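Worksheet for the structure shown next.
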Amino acid sequence: KGFTSLNIRSLAQSALDTKLFYAGTNGSGLYKSEDGGGTWTPMPPVRGKV
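Quick note: the working numbering has the sequence shown finishing at residue 61, numbered continuously throughout.
Written out as structure tokens, the structure reads:
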């Protein structure tokens with residue numbers, strides 16, 4: 012499903028796959044889309060420094 016109420020802080024598109032996106036939110040984690048933004052899947056929490 013698409014985003015309806017999340018505060019997106021960053022958006023990145025893959026240089027190798029134009030349908031692959033990552034979205035960083037303000038307090039709701041990181042999300043991944045493999046279909047050009049049609050659906051989004053939450054990513055596991057990141058531990059440590061990125």
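Just so you know, even glycine gets a beta-carbon here, dropped at the ideal spot from N, CA and C. Keep in mind it's a predicted model, so treat the numbers as computed, not measured.
- Residue environment analysis places Ser44 among the buried positions, since at least 16 neighbouring C-beta atoms fall within 10 angstroms of its C-beta.
- The DSSP-derived three-state label of Arg20 is strand.
- Around the Cβ of Ala34, a 10 Å sphere holds 16 or more other Cβ atoms; the residue is buried.
- Taking C-beta separations shorter than 7 Å and ignoring five residues to either side along the sequence, the partners of Asn37 in its chain run Asn18 and Arg20, following chain order.
- For Lys43, the enclosing beta strand (DSSP E) covers residues Leu41 to Ser44.
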